[in-house]
Amino acid sequence: MSVTHPPDFERTIHTANIWLKSVCEGLGTEDRHLAHRVLRTWMHTLRDRLTVDVAAHFAAQLPELMRGAYYDGWDPSIVPIKYDRAGYLSRFSHEARVSTEEVPRIAAAVTSVVREHVSPGTLESALEQIPHDIRDLLLQPA
Numbered sequence: 402m403s404v405t406h407p408p409d410f411e412r413t414i415h416t417a418n419i420w421l422k423s424v425c426e427g428l429g430t431e432d433r434h435l436a437h438r439v440l441r442t443w444m445h446t447l448r449d450r451l452t453v454d455v456a457a458h459f460a461a462q463l464p465e466l467m468r469g470a471y472y473d474g475w476d477p478s479i480v481p482i483k484y485d486r487a488g489y490l491s492r493f494s495h496e497a498r499v500s501t502e503e504v505p506r507i508a509a510a511v512t513s514v515v516r517e518h519v520s521p522g523t524l525e526s527a528l529e530q531i532p533h534d535i536r537d538l539l540l541q542p543a
């Protein structure tokens, strides 16, 4: 027996798959599990550095399934969490299960993908709250 989903749910799954495929392409891999981990980590490390209002505004641009991953484990009472470039690299590496040396390339690739999929200016508005050393890391050429 085949499983059918309501059209809205199918569209949500399709959109999430488009994002994951874009991350795979940006990373030069076919490993969708890696793509999901790094996208989720990228969203969490951004989210936790933002004020509640900016985090919520950014989340509104995400596909429904990605929005669920974005908010998973979020505690708005403790944000923004302050960390520097070294703290960012360490957290990203740990959460995504990649080496610290890989983080700059991976984070920049995911930033490029996100920029392609959200409304113009949305990412830039969020990145205004990020310290320059972390923002430069995210915005370097992928």
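With the working numbering, the residue at position 22 of the sequence shown is 423, and numbering never jumps. Quick reminder that beta carbons are idealized off the backbone N, C-alpha and C, glycines included.
- Here V515 really is in contact with L524; their C-beta atoms are around 6 angstroms apart, less than 8 angstroms.
- The segment 475-488 makes no contact with the segment 417-430; the number of CB pairs closer than 8 angstroms stays below 3.
- Rounded to the nearest angstrom, the Cβ distance from V453 to Q530 is 11 angstroms, too far for a contact under 8 angstroms.
- Short of 8 angstroms from the beta carbon of L540, and not among the five residues preceding or following it, lie these beta carbons of its own chain, in chain order: A509, T512, L528.
- When DSSP assignments are scanned along the segment 411-459, the uninterrupted stretches of alpha helix (DSSP H) that are 4 or more residues long and fall wholly within it turn out to be 433-448.
- Between A417 and E496, the gap from beta carbon to beta carbon reaches 9 angstroms or more.
- Going by beta carbons, P505 and L490 fall inside the 9 angstroms limit.
- Around the beta carbon of R448, 16 or more other beta carbons lie within 10 angstroms, which makes this residue buried.
- For A461, no alpha helix (DSSP H) run applies, since DSSP gives it neither H nor E.
- Apart from sequence neighbours up to five positions away, the residues of its chain that approach A436 with a beta-carbon distance below 6 angstroms are L421, V424, C425, ordered along the chain.
- Between the alpha carbons of A461 and S500 lies a distance of about 31 angstroms.
- The Cβ neighbour count for H434, taken over all protein chains shown within 10 Å, is under 16; the residue is labelled exposed.
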